[in-house]
Amino acid sequence: MLIRLLRYLATAIALTVMSGGVNVATASAELAADPYAIVQKVLETHVVPHVIAFKGAAAELPPAITALCTQGDKASRARALTAFSNAVSAFAAIEFLRFGPMQKDGMREKLFFWPDPRGVLARQMRQLLFASQTTPPSTALIKQQSAALQGLPALELLLADQTSPLGPGEGNATRCALAQSISGAIADNAAALHDGWVSDGGWQSKMLRPGSDNPTYREPSEAASELVKALLVGFQLAADVQIKPRMIDSGKASGPYAASKLTKVHYAAFVASLNEFYDALGLEAYLDAEQAWVKNWADGAWRAIRSSDGVGGRVANDQRATAPSLRELFDKITGLRKLVSRELATASHLTVGFNELDGD
9 MLIRLLRYLA TAIALTVMSG GVNVATASAE LAADPYAIVQ KVLETHVVPH VIAFKGAAAE
69 LPPAITALCT QGDKASRARA LTAFSNAVSA FAAIEFLRFG PMQKDGMREK LFFWPDPRGV
129 LARQMRQLLF ASQTTPPSTA LIKQQSAALQ GLPALELLLA DQTSPLGPGE GNATRCALAQ
189 SISGAIADNA AALHDGWVSD GGWQSKMLRP GSDNPTYREP SEAASELVKA LLVGFQLAAD
249 VQIKPRMIDS GKASGPYAAS KLTKVHYAAF VASLNEFYDA LGLEAYLDAE QAWVKNWADG
309 AWRAIRSSDG VGGRVANDQR ATAPSLRELF DKITGLRKLV SRELATASHL TVGFNELDGD
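Numbering (the numbering used here), first residue to last: 9 to 368.
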């Protein structure tokens, strides 16, 4: 790293002598671009810690659901709801990392089958509940079902049902057995996602060891570009999948986890992680003096995004007197996405191509 930096410095000095001077801010931005350092920092300070946190949160679900089904008192219900809320928040923090282990074998859909405009989950859940009356499903059997029945929305459908609340009793035996099996599937899949990132030869290693023998990332810049694309996916998910439907028809459109009243919790965790991911990338460091407006605009946009609860209200402890409208929220998120793809990625010399949401 030091040798590379000294070489860049020597080149910059030589150019200065030949040209009679260069823009110091521009030269500094050029020297700051180190794709490997970007990848290492983002993985070590953001991605891996959040993947570990989700594995831990998911592991709390099976014992909490079991306690609720065997005890059924206020304490066990509160524990189950807290465990579910924690798992929702933990997954929201990594939801936009739609590459690598999250993409393998439909892992994202298995953990978070949403949006579901055709009601696939509700229909398949009714069928599974009927079938489970004779043969209670195990976690292994649930993991053989469709992705819709394996994740957090499937568990929510049972946990948030007020007409047949989970708890002890012969009438709840089937629903409880199903909830326990689904929670087990979530924990297993979260552990598999974790292993896909941090195990020997996992995705973390793949991104940190680019080269001719690495078919996915031959250069450090390719791994860094993957992370920038993940950031862009996050902006697109927030704007087009979460905010836009409610902006168009707030009376009908509902966000994720509406049944458990965790839509705001999901949004808060999602945008907080996205903001931290943006900061960890540190792309603003590559801007020259003439691009100072980018940082100023981005700072204001992030303040607006994090001051909203995602459904049109204001975060209680925010200093803004009024919440940004959904229109303003959409524009700020979309504006940040454009800034990253047009200004920040260019300044850092990272090529950003298509992502999995393009064309949807």
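All C-beta atoms in this analysis are idealised placements derived from N, C-alpha and C, irrespective of residue type, glycine included. Predicted model, so just to flag it, every value in this text is computed and none were measured.
Buried or exposed: which applies to residue i, given that a residue is buried once 16 or more other Cβ atoms fall within 10 Å of its Cβ?
i: residue 256; result: exposed
i: residue 32; result: Summary for residue 32: the model assigns pLDDT 40, below 50, so the residue's position carries little reliability; its value from the coordinates is reported in the next sentence. Exposed: under 16 other Cβ atoms inside 10 Å.
i: residue 243; result: buried
i: residue 42; result: buried
i: residue 37; result: Its pLDDT being 45, under 50, residue 37 is placed unreliably in this model, and the coordinates cannot settle the point.
i: residue 197; result: buried
i: residue 345; result: buried
i: residue 29; result: Per-residue confidence for residue 29 stands at a pLDDT of 41, beneath the threshold of 50, marking its modelled position as unreliable; the derived number appears in the next sentence. Exposed, since its Cβ has fewer than 16 Cβ neighbours within 10 Å.
i: residue 250; result: buried
i: residue 304; result: exposed
i: residue 152; result: exposed
i: residue 130; result: exposed
i: residue 207; result: exposed
i: residue 4; result: Missing from the structure shown is residue 4; the chain here goes from 9 to 368 and no further.
i: residue 8; result: Here the chain covers residues 9 to 368 and nothing more, so residue 8 does not appear.
Is residue i helix, strand or coil by DSSP?
i: residue 350; result: helix
i: residue 140; result: coil
i: residue 33; result: Its pLDDT being 42, under 50, residue 33 is placed unreliably in this model, and the value from its coordinates should be taken loosely. Reduced to three states, the DSSP call for residue 33 is helix.
i: residue 316; result: strand
i: residue 106; result: coil
i: residue 226; result: coil
i: residue 311; result: helix
i: residue 322; result: strand
i: residue 234; result: helix
i: residue 356; result: coil
i: residue 123; result: coil
i: residue 265; result: coil
i: residue 68; result: coil
i: residue 145; result: coil
i: residue 153; result: coil
i: residue 299; result: helix
i: residue 171; result: coil
i: residue 88; result: helix
i: residue 291; result: helix
i: residue 43; result: helix
i: residue 270; result: coil
i: residue 158; result: coil
i: residue 345; result: helix
i: residue 116; result: helix
i: residue 330; result: coil
i: residue 101; result: coil
Rounded to the nearest angstrom, how far is the Cβ of residue i from that of residue j, given a contact under 8 Å?
i: residue 159; j: residue 119; result: 5 Å
i: residue 174; j: residue 270; result: Actually they are not in contact, since the Cβ atoms of residue 174 and residue 270 sit about 17 Å apart, beyond 8 Å.
i: residue 171; j: residue 144; result: About 21 Å separates the two Cβ atoms, so there is no contact after all.
i: residue 355; j: residue 295; result: 5 Å
i: residue 212; j: residue 51; result: 6 Å
i: residue 273; j: residue 314; result: That belief does not hold up - the Cβ atoms of residue 273 and residue 314 are roughly 14 Å apart, past 8 Å.
i: residue 102; j: residue 59; result: 6 Å
Could you give the distance in angstroms between the alpha-carbon of residue i and the alpha-carbon of residue j?
i: residue 299; j: residue 91; result: 44 Å
i: residue 348; j: residue 89; result: 37 Å
i: residue 149; j: residue 190; result: 10 Å
i: residue 237; j: residue 353; result: 10 Å
i: residue 337; j: residue 138; result: 43 Å
i: residue 227; j: residue 48; result: 14 Å
i: residue 350; j: residue 359; result: 10 Å
i: residue 301; j: residue 307; result: 10 Å
i: residue 193; j: residue 293; result: 42 Å
i: residue 265; j: residue 200; result: 23 Å
i: residue 142; j: residue 136; result: 11 Å
i: residue 262; j: residue 214; result: 38 Å
i: residue 218; j: residue 106; result: 20 Å
i: residue 147; j: residue 115; result: 16 Å
i: residue 34; j: residue 288; result: For residue 34, the predicted structure reports a pLDDT of 44, less than 50, and the residue's modelled location is therefore unreliable. A value from the coordinates is still provided. In a straight line, the C-alpha of residue 34 is about 21 Å away from that of residue 288.
i: residue 13; j: residue 290; result: The predicted model places residue 13 with a pLDDT of 40, which falls under 50 and marks its position as unreliable, so this point remains unresolved.
i: residue 323; j: residue 216; result: 38 Å
i: residue 229; j: residue 44; result: 7 Å
i: residue 210; j: residue 65; result: 21 Å
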